[in-house]
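Participant: Residue numbers for the sequence shown follow the numbering used here, beginning at 37 and rising by one.
Ideal Cβ placement from N, Cα and C applies to all residues, glycine included.
This is the structure I want to talk about, given as structure tokens.
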Amino acid sequence: MSTGTTTAGGPGGSSGGPGPEVPSKGLRAGILDLGDSVMLGLASTAPVYSLAATLGLIVAVNGNYTPLILLLGFVPVLFIAYAFRELNTAMPDCGTTFIWARRAFGPWAGWLGGWGVALAGIVVLANLAQVAGQYLWLLVGDGSLAENDLLVTATGVVFIIFMTLVNYRGIRLGEHVQRVLTYVQYVSLGIFALAIVFRITGGAPEGQAFDFEWFNPAGAFADPGAVVHGALLALFIYWGWDTCLAVNEETENPSKTPGRGAVISAFVLMAIYVSVALLVMMYATVGTDGIGLGNAENQDDVFLAMKDVVLGPWGWLIVVAVLASVLSSTQTTILPTARGTLSMGVHGALPAKFGEVHPRNQTPGFSTQVMGAAAVVYYVAMSFLSQNLLSDSISAISLFIAFYYALTGFACVWFFRGTLRVSARNLWFRGILPLLGALMLTAAFFISAVQMWDPAYGDTEIFGVGGAFVSGVVLLALGVVLAVVCRFSPATRDYFMARQAQPSEL
Numbered sequence: 037m038s039t040g041t042t043t044a045g046g047p048g049g050s051s052g053g054p055g056p057e058v059p060s061k062g063l064r065a066g067i068l069d070l071g072d073s074v075m076l077g078l079a080s081t082a083p084v085y086s087l088a089a090t091l092g093l094i095v096a097v098n099g100n101y102t103p104l105i106l107l108l109g110f111v112p113v114l115f116i117a118y119a120f121r122e123l124n125t126a127m128p129d130c131g132t133t134f135i136w137a138r139r140a141f142g143p144w145a146g147w148l149g150g151w152g153v154a155l156a157g158i159v160v161l162a163n164l165a166q167v168a169g170q171y172l173w174l175l176v177g178d179g180s181l182a183e184n185d186l187l188v189t190a191t192g193v194v195f196i197i198f199m200t201l202v203n204y205r206g207i208r209l210g211e212h213v214q215r216v217l218t219y220v221q222y223v224s225l226g227i228f229a230l231a232i233v234f235r236i237t238g239g240a241p242e243g244q245a246f247d248f249e250w251f252n253p254a255g256a257f258a259d260p261g262a263v264v265h266g267a268l269l270a271l272f273i274y275w276g277w278d279t280c281l282a283v284n285e286e287t288e289n290p291s292k293t294p295g296r297g298a299v300i301s302a303f304v305l306m307a308i309y310v311s312v313a314l315l316v317m318m319y320a321t322v323g324t325d326g327i328g329l330g331n332a333e334n335q336d337d338v339f340l341a342m343k344d345v346v347l348g349p350w351g352w353l354i355v356v357a358v359l360a361s362v363l364s365s366t367q368t369t370i371l372p373t374a375r376g377t378l379s380m381g382v383h384g385a386l387p388a389k390f391g392e393v394h395p396r397n398q399t400p401g402f403s404t405q406v407m408g409a410a411a412v413v414y415y416v417a418m419s420f421l422s423q424n425l426l427s428d429s430i431s432a433i434s435l436f437i438a439f440y441y442a443l444t445g446f447a448c449v450w451f452f453r454g455t456l457r458v459s460a461r462n463l464w465f466r467g468i469l470p471l472l473g474a475l476m477l478t479a480a481f482f483i484s485a486v487q488m489w490d491p492a493y494g495d496t497e498i499f500g501v502g503g504a505f506v507s508g509v510v511l512l513a514l515g516v517v518l519a520v521v522c523r524f525s526p527a528t529r530d531y532f533m534a535r536q537a538q539p540s541e542l
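Structure (structure tokens):
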């Protein structure tokens with residue numbers, strides 16, 4: 037493993053000379069450019085699938101105000117994207133939240149932040165594998181094979197293993213695979229959107245005209261509870277853009293390019309979500325009959341319900357788009373989890389084996405294998421234990437995301453606290469906006485937890501409490517247990533005993 041160093045901007049800014057030295061971990065430096073970074077940020081969110089699976093749920097709560105809700109959900113995400121950008125400028129380490137929280141608040145916060153990133157990745161891989169297995173078999177014959185749980189699970193496992201292998205073999209191979217999958221999903225989604233435009237302009241017999249009232253906060257906030265519920269649903273469909281920060285050490289100009297990629301990808305995602313939602317609403321309406329977005333039978337995938345009406349015999353294209361979306365997200369989800377544990381291994385928070393980089397592939401060899409194996413074990417165990425519990429544990433992802441995003445926002449404010457008065461820019465982008473984002477996400481964490489407590493929230497009930505809440509709390513608590521084990525383990529206890537670095541030293 038390489039022991040060289042690179043430099044990055046310090047906490048006072050990135051333009052005032054050399055910043056802190058960042059130890060090279062042996063990853064392939066400079067292989068990705070800004071375009072690659074943006075592409076990874078877009079692909080990681082599984083935008084086609086996220087929109088297909090969430091749009092109906094938001095419409096059921098907020099009706100025609102759904103476009104406004106999508107914008108409201110974007111606000112805290114954008115604020116946290118600025119926190120990621122600023123922290124990456126000072127500390128371009130692939131450990132992201134782990135290393136930033138450690139430098140701001142100490143080793144325990146860093147360890148738990150790294151656990152939050154890994155946990156969200158492992159659990160969401162189970163969801164992506166499940167959806168990929170189902171959608172592959174929807175393309176075969178009459179689609180009935182998609183109802184075979186054993187076949188779907190086995191197919192999902194194969195997809196996780198394949199994408200783990202792609203990531204193991206090298207960042208450039210992964211980028212090529214990602215580019216193909218991204219083109220497939222966006223071309224298919226573009227054809228779908230154009231078909232809707234042609235049907236609307238051709239005088240579709242049903243539908244509704246665009247109305248600026250859909251963006252009216254006064255009308256939406258007539259039911260504040262619905263706004264909060266919808267915004268929570270919208271908030272987490274943006275998750276994933278931070279993948280481009282996890283590959284910062286493999287990106288050109290690691291202190292600047294990944295942060296720019298994160299912010300750009302967040303804005304592009306917002307534009308895609310709002311524009312596609314508007315088109316679909318105008319064509320299908322928010323009604324509860326037929327292909328209406330408010331129809332409960334369509335809420336699992338509104339695009340699947342519309343595909344034959346919009347595309348006719350070419351309806352399979354939207355199935356391909358969703359399949360490509362979840363496959364690309366499967367690959368890009370493994371990237372940050374593996375690099376996060378790589379950084380934890382390098383810095384001594386995990387056994388040194390996690391910090392090893394494959395000498396030829398220049399990838400986190402051991403960490404990538406462990407993350408892939410953990411995802412397979414979790415997916416198979418939960419699938420055979422209970423499909424309903426698997427679904428509820430996936431719902432708990434919102435807690436993990438809110439936890440480590442909020443931690444990153446607070447870490448940004450605290451780490452840069454001594455520079456906030458230097459300029460108005462610092463005050464806003466390192467202080468006010470990250471703090472607001474962190475507070476919003478903290479509120480989202482507790483509101484989501486309260487909702488999940490209700491047994492009616494999901495599909496399972498454990499000791500009178502919702503299965504989503506129990507699985508989320510158990511998995512988060514497991515991180516505390518593992519941190520305690522590492523605190524007293526000879527291989528990792530030095531990490532917890534190390535003196536906390538101060539911003540002036542970085």
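Among Arg64, Ile67, Trp136, Asn100, which one has its Cα closest to the Cα of Phe446?
Facilitator: Among Arg64, Ile67, Trp136, Asn100, the Cα nearest to that of Phe446 is on Trp136.
Participant: Do you know whose CA, among Asn100, Ala410, Tyr118, lies nearest Glu249's CA?
Facilitator: Comparing Cα-Cα distances from Glu249 to each of Asn100, Ala410, Tyr118, the minimum goes to Asn100.
Participant: Using the Cα positions of Ala438 and Ala156, report the straight-line distance between them to the nearest angstrom.
Facilitator: Each residue's alpha carbon lies about 10 Å from the other.
Participant: For Gly467, which residues of its own chain have a beta-carbon under 6 Å away from its beta-carbon, when the five flanking residues on both sides are left out?
Facilitator: Result list for Gly467: Val449, Leu456, in chain order.
Participant: I need the straight-line Cα distance from Val113 to Ala410, nearest angstrom please.
Facilitator: Each residue's Cα considered, the two are about 28 Å apart.
Participant: Between which two residues does the alpha helix (DSSP H) holding Lys343 run?
Facilitator: Segment 338–347, the alpha helix (DSSP H) holding Lys343.
Participant: So for Gly502, helix, strand or coil by DSSP?
Facilitator: DSSP places Gly502 in strand when its eight states are reduced to three.
Participant: Can you give the beta carbon distance from Ser80 to Thr293, rounded, assuming they're within the 8 Å contact cut?
Facilitator: 16 Å between Cβ atoms; not a contact.
Participant: Evaluate Met318 with the Cβ neighbour count: other Cβ atoms within 10 Å of its Cβ, from every protein chain shown; 16 or more gives buried, anything less gives exposed.
Facilitator: When all chains shown are included, Met318 counts as buried.
Participant: Expressed to the nearest angstrom, what Euclidean distance is found between the alpha-carbon atoms of Thr369 and Gly276?
Facilitator: Each residue's alpha carbon lies about 8 Å from the other.
Participant: What does DSSP give as the partner residues of Thr287 in its beta bridges?
Facilitator: DSSP lists Leu68 as partners of Thr287.
Participant: Residues in the same chain with beta-carbon distance under 8 Å from Ala302, minus the five sequence neighbours each way, listed in chain order, please.
Facilitator: Answer for Ala302: Gly77, Phe110, Val113, Leu114, Ala117, Tyr274, Trp277, listed in chain order.
Participant: Excluding the 5 residues flanking Gly192 on each side, which residues of the same chain have their C-beta closer than 7 Å to its C-beta?
Facilitator: So the list reads Ala165, Gln166, Ala168, Gly169, Tyr415, once near-sequence residues are dropped.
Participant: With H, G and I counted as helix, E and B as strand and the rest as coil, what does DSSP make of Glu183?
Facilitator: Reduced to three states, the DSSP call for Glu183 is helix.
Participant: Can you check which of these residues, Gly494, Pro103, Tyr531, Thr528, is closest to Phe246 by C-alpha distance?
Facilitator: Answer by Cα proximity: Pro103.
Participant: Between the stretch 85–101 and the stretch 334–350, can you find at least three pairs of beta-carbon atoms closer than 8 Å?
Facilitator: With the cut-off at 8 Å, the stretch 334–350 and the stretch 85–101 touch.
Participant: Classify Ala126 as buried or exposed, calling it buried when 16 or more other Cβ atoms lie within 10 Å of its own Cβ.
Facilitator: It counts as buried.
Participant: For Val223, tell me which candidate among Val355, Asn163, Thr200, Arg139 has the shortest Cα-Cα distance.
Facilitator: Measuring from the Cα of Val223, the nearest candidate turns out to be Val355.
Participant: Roughly how many whole angstroms lie between the Cα atoms of His394 and Ala282?
Facilitator: Going by the C-alpha atoms only, they are around 17 Å apart.
Participant: Mind checking whether Gly71 and Glu288 have CB atoms under 8 Å apart?
Facilitator: Cβ atoms of Gly71 and Glu288: not closer than 8 Å.
Participant: Restricting to runs no shorter than 4 residues, where is the alpha helix (DSSP H) found entirely within the stretch 225–309?
Facilitator: The stretch 225–309 contains these whole alpha helix (DSSP H) runs: 253–256, 260–271, 279–282.
Participant: Ignore the nearest five residues each way along the sequence and tell me which others in Ser73's own chain have a CB closer than 7 Å to its CB.
Facilitator: Hits under 7 Å: Cys280, Thr287, Thr293, Pro294, Gly297.
Participant: Over the uninterrupted alpha helix (DSSP H) stretch that includes Gly494, give me the two end residues.
Facilitator: Taken as a continuous stretch (DSSP letters only), Gly494 belongs to no alpha helix (DSSP H), as it is neither H nor E.
Participant: Closer than 6 Å by C-beta to Val506: which residues in its own chain qualify, once you throw out the five before and the five after it? Chain order, please.
Facilitator: Ile498, listed in sequence order.
Participant: Cα separation between Met75 and Ala357?
Facilitator: Going from the Cα of Met75 to the Cα of Ala357 covers about 16 Å.
Participant: Starting from Gly99 and walking both ways along the alpha helix (DSSP H), at which residues does that stretch end?
Facilitator: Counting along the chain, Gly99 falls outside any alpha helix (DSSP H), and DSSP gives it neither H nor E.
Participant: Take Asn543 and list the residues in its own chain whose beta-carbon comes closer than 7 Å to its own, dropping the five residues that flank it on each side.
Facilitator: Outside the shown range of the chain, which is 37 to 542, sits residue 543, and nothing can be said about it.
Participant: Here's a check: name, in chain order, each residue in its chain whose Cβ is nearer than 7 Å to the Cβ of Leu359, leaving out the five neighbours to either side.
Facilitator: Once the five neighbours on either side are set aside, the close Cβ partners of Leu359 are Ala168, Tyr171, Leu172.
Participant: If you reduce the DSSP assignment to three classes, tell me which class Ile327 lands in.
Facilitator: Correct three-state label for Ile327: coil.
Participant: Taking just the CA atoms, how far does Val264 sit from Phe134?
Facilitator: Whole-angstrom Cα-Cα distance: 29 Å.
Participant: Just how far apart, CA to CA, sit Tyr204 and Thr366?
Facilitator: Computed Cα separation, rounded: 14 Å.
Participant: Around the Cβ of Arg529, are there at least 16 other Cβ atoms within 10 angstroms (buried) or fewer (exposed)?
Facilitator: It counts as exposed.
Participant: Hey, how far is the Cα of Gln423 from the Cα of Gly494?
Facilitator: Distance between the alpha carbons of Gln423 and Gly494 is about 12 Å.
Participant: Quick one: using the 10 Å Cβ neighbour count with 16 as the cut-off for buried, is Glu122 buried or exposed?
Facilitator: Buried, because 16 or more other Cβ atoms sit within 10 Å of the Cβ of Glu122.
Participant: Using a threshold of 8 Å, state whether the C-beta atoms of Leu590 and Ala162 are closer than that.
Facilitator: Nothing about residue 590 can be reported from this structure: the residues present for the chain run from 37 to 542 only.
Participant: Hey, could you find the ends of the alpha helix (DSSP H) Met380 is sitting in?
Facilitator: Unbroken alpha helix (DSSP H) run through Met380: 352–382.
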